[in-house]
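The structure appears below as structure tokens.
Chains as they are written, first to last, in my numbering: chain A, 531 to 1422; chain B, 13 to 244.
Pasting the structure below:
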């Protein structure tokens, strides 16, 4: 093989495989040449051996020359333990075939699961190839005794790097890599870095993330090689407003049909509860296949999860329904079809998931997007369209997360005393930290030294984590180091509770999920229906509920925002549809709106068929889907008008207070509902059709809510989604078209957004995470996880204290950066506003909820934006309630 | 007419998180949690230390206004009993400031385990008690059960729960407000400490037997600088 030097390994490969894949052919010479390489290609294209064959080859040659030493030569890092397990098996195979049972080339695995005994063995006889996770690597770097073993590392391989680059775990890893690279100042070259990535854009950004700020990287991109066939299905049939529950039934029915037609189907649902519910209903619908349909998600008991993966690999399962857990590249055997229940919220994701089907480069991957409501349908069609032309949403790397930095500085300080300048230079070598300012760096050091704005000087020494002086820092000995080792990592406490059936643990559910249930409710866990008996501290107790129906599955609990590309596509589409409807010849009498809403018969004669055909071609979505989409837009045209890219539409809807039936009961949740209903007021809803994606709408809605509060007082509830946002206000907060331009002005937008964020739940949520990662609050205390509730309380209080006394504390800054990066698109919002300023804006009053606003309206109102001055809020609440009760006698 | 005090059945509730017994001239507060931030720092969590530990200031203001014969602290005086110089300084300062003009009674709460030892080490003349009778009331921390024989027909005044109640305008705003809870047999005080987040009684069950067994007639919520009586 001319691509690699000859050895027993290359001979083995040649005997085993016919030809190298394109990824391997391109990558091997680059790796042999000693440079850094990013290999981007879909699953099943030989990425593993593209990276590892060179490494195995070199190690085999060392051995042949008698030069193989007791040290770690190669470190492989992946975000999932399962990937490492898989890889271990895949590497042992050639080694066993070449060398027999006692291979001179050793492979070891190290993660949170590794036993003490095994860890000790690894220390005395280090594996040549170490397979590990970002957290375990950081742990090794924190211990002085391990450094000699890490000094001679020649290759670092990062798998699924795209899944790491976009979040804080990747930022954490990037600093670890810099520390690894600079361990041995005597060495002339740093370890070679090899990255394995799925299809993302722009690859240059991911490549730079891999190699750091100052190094260069070659890119091997073979993503185009794999063909994808992605389609859209909607169960809505003829009627866009089917009776409730109908959609679910039809989906399951269709899904069942597909499972029967294919050998193995993989279904994604985005949420754990959705996956459990879907698996349950599928088993009910296909009883003869029930034993071959399983559910998979990260909160399943480990044994159960591994068993599902093994059975899938062996081809024993007809269908697996997962949340997102099988998105990354663990080997799951051969999949015929990937089904995504409701949109994956992004073109790259849709492609990655579809790519799990057809496990070889020559087979076309078949994927199906199943839409669950109207907006979903259009979104799915747009996603499929963009996926076919490979228009990917760009990766966005977080910028210099400060909480992650705190962990590394304490960890570095465990090894030796560091001059500040040297530490800063090292950190800046990590790509996410290339722009880290010196003052930010020093602020973090001050925080770690125990400092704070008003701290009495004599107590700094006693309670900080590091000794800090003008020039240097070093970590204190003892408890600080022990605590660090227990709490390394960035995965926050997500608040999970164990589900216990008698003495067994079935799995974990989210505490939030549990808080919405009451004793007696039936839900699905690990594929079975159980009834909730009682809730404990971080657990709940259930009994079997075999023959009872569970609560309605929620398909759409989606935390991921829509990407800009898909949003742009939908705006274009709406503009075009409107033009067609307005210019089409229509008989006047059929345009009368009915009192019931949507007719199931098309109102147009002649024009309708053309519209459907056009939509079908435009979205490449088939006639049935096109028919539904046509009807939706016609209804929108009747009740309101179709929002397009040429103007801004705001719909105003007045609703009187909803009377709920009196609820009688003991549970705290019911008491809350009672209280609310006693007091419903007329409220006003404004639907802003700003189709810029949820992240930009998060920004827009908050700033607009703040501006209304300034204009009219009070607070406003803003509920954004990908298609716009709805503002719910009291009658006193009514506004008109004339006031729209000032509400939607780009001027001072960033400042207004900032102010609106300062007391928001979003910020508090991110602060909770930053406080954990930044060692202000421990998620693990004395080896046990804290209940989410306790964590929420402590961080709530700290947040309030900091907001008042130290709003620019490093962890408050980090919380804001994280919240904005993950959820809020300021640039997109400002760009939209600048654009919209030149266009007409109008408020249109509607009598009932128009279809394109329906999804927004149906969404539960999530967060009241506290933009009002807190003292005024208290005054207002007091006076509101005062008039409803008798006065009590007051003491003199 | 001021909205900052409310009298119900002979007990005066002050918006500054205190209860006043006018006949006996006794002021009651609960759950000071002194040294909260330091307790966390000691276990390695870098909590912020704020300049305004205003617990003492607020107590002094109440002492000036009411001129109580006796001040009773209903337990959880500290967050954690630590032999720390900074905590000693705080306690000594509090004791020296308040004890000249009122008798100070400290009840032991569940967070005050080992506090007596530490107080003795500091040579502070404070003896923790389990309960205190004030007229027709029995003052306790609230974590331990009180048998009806023990209560002797007295109404219980307790802390421990850090009660709060959510108040909403039904459309856009909901706030969690610390509150007093009132019933014929039991009164619960809100936590005096600013560090207490407050447990929304509409969403979470009570921690103690005492409170769980009680049906409260109303809550007196602290809404900004005013008191508001609301149905529970």
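Heads up, the beta-carbon is just placed ideally off N, CA and C, and yes, glycines get one too.
For residue i, which of the options has the nearest alpha-carbon?
i, options, result
"residue 601/A", "656/A, 1304/A, 563/A, 925/A", "656/A"
"residue 683/A", "694/A, 671/A, 1152/A", "671/A"
"residue 171/B", "112/B, 180/B, 143/B", "143/B"
"residue 1277/A", "1220/A, 1265/A, 1345/A, 1233/A", "1233/A"
"residue 895/A", "880/A, 902/A, 909/A", "880/A"
"residue 1159/A", "1074/A, 909/A, 1242/A", "909/A"
"residue 1283/A", "863/A, 946/A, 1349/A, 820/A", "1349/A"
"residue 137/B", "127/B, 146/B, 54/B", "127/B"
"residue 1365/A", "1177/A, 1333/A, 748/A", "1177/A"
"residue 727/A", "636/A, 596/A, 882/A, 1245/A", "882/A"
Residues of chain D with CB under 7 Å from residue i, in chain order?
i, result
"residue 1332/A", "Annotation note: the requested chain D is absent from the structure, which comprises protein chains A and B."
Residue i bridges to which residues according to DSSP?
i, result
"residue 149/B", "146/B, 167/B"
"residue 1251/A", "1254/A"
"residue 823/A", "849/A"
"residue 606/A", "661/A, 687/A"
"residue 570/A", "727/A, 751/A"
"residue 1374/A", "1181/A"
"residue 654/A", "The partner list for residue 654/A (beta bridge, DSSP) is empty, contrary to what the question assumes."
"residue 1055/A", "1058/A"
"residue 944/A", "Answer by DSSP bridge pairing: none, since residue 944/A is not bridged."
Report the rounded CA-to-CA distance for residue i versus residue j, giving the unit in angstroms.
i, j, result
"residue 114/B", "residue 61/B", "30 Å"
"residue 1423/A", "residue 1228/A", "In the structure as shown, chain A begins at 531 and stops at 1422. Residue 1423/A is therefore absent and cannot be evaluated."
"residue 174/B", "residue 210/B", "5 Å"
"residue 626/A", "residue 593/A", "15 Å"
"residue 604/A", "residue 659/A", "5 Å"
"residue 30/B", "residue 806/A", "50 Å"
"residue 1373/A", "residue 1182/A", "7 Å"
"residue 81/B", "residue 222/B", "28 Å"
"residue 1124/A", "residue 1378/A", "With a pLDDT of 43 at residue 1124/A, under the threshold of 50, the predicted position of this residue should be treated as unreliable, and no value is reported."
"residue 557/A", "residue 565/A", "11 Å"
"residue 1248/A", "residue 1345/A", "21 Å"
"residue 242/B", "residue 199/B", "15 Å"
"residue 179/B", "residue 933/A", "35 Å"
"residue 571/A", "residue 731/A", "12 Å"
"residue 958/A", "residue 742/A", "9 Å"
"residue 1288/A", "residue 1153/A", "48 Å"
"residue 1107/A", "residue 1163/A", "8 Å"
"residue 1359/A", "residue 1222/A", "8 Å"
"residue 1294/A", "residue 28/B", "27 Å"
Would you call residue i buried or exposed, if buried means 16 or more other Cβ atoms sit within 10 Å of its Cβ?
i, result
"residue 757/A", "exposed"
"residue 765/A", "buried"
"residue 1155/A", "buried"
"residue 991/A", "Any reading at residue 991/A is ruled out, since the residue's pLDDT is 46, under 50, leaving its predicted position unreliable."
"residue 1095/A", "buried"
"residue 888/A", "buried"
"residue 1291/A", "exposed"
"residue 857/A", "buried"
"residue 1263/A", "buried"
"residue 642/A", "exposed"
"residue 1329/A", "buried"
"residue 977/A", "buried"
TODO: Indicate whether the contact test is met: 3 or more Cβ pairs, each with one atom in the stretch 647-655 of chain A and one in the stretch 865-880 of chain A, closer than 8 Å.
DONE: Flag = no, the stretch 647-655 of chain A and the stretch 865-880 of chain A do not touch.
Task: Cβ pair count under 8 Å reaching 3, the stretch 964-971 of chain A against the stretch 1003-1011 of chain A - done: Touching, no.
Open item on the list: I want to know whether the stretch 148-157 of chain B touches the stretch 189-197 of chain B - three or more CB-CB distances under 8 Å.
Closed with: The count of Cβ pairs closer than 8 Å, one atom from the stretch 148-157 of chain B and one from the stretch 189-197 of chain B, stays below three, leaving the stretches out of contact.
Task: Three or more C-beta pairs below 8 Å linking the stretch 888-902 of chain A and the stretch 1288-1308 of chain A - done: No, because fewer than three Cβ pairs between the stretch 888-902 of chain A and the stretch 1288-1308 of chain A fall closer than 8 Å, the two stretches do not touch.
- [ ] Spell out a yes or no on whether the stretch 716-725 of chain A and the stretch 1026-1043 of chain A are touching, meaning 3 or more CB-CB pairs, one atom from each, closer than 8 Å.
- [x] Flag = no, the stretch 716-725 of chain A and the stretch 1026-1043 of chain A do not touch.
TODO: Kindly confirm or deny that the stretch 608-615 of chain A and the stretch 578-595 of chain A touch, where touching means at least three C-beta pairs closer than 8 Å.
DONE: No: the two stretches stay apart, fewer than three of their Cβ pairs being nearer than 8 Å.
Open item on the list: I want to know whether the stretch 103-110 of chain B touches the stretch 48-58 of chain B - three or more CB-CB distances under 8 Å.
Closed with: Short answer: they don't touch.
Task: Touching by the beta-carbon criterion (3+ pairs, under 8 Å), the stretch 34-48 of chain B and the stretch 203-220 of chain B - done: A contact between stretches requires three or more CB pairs, one per stretch, nearer than 8 Å, and the stretch 34-48 of chain B meets this requirement with the stretch 203-220 of chain B.
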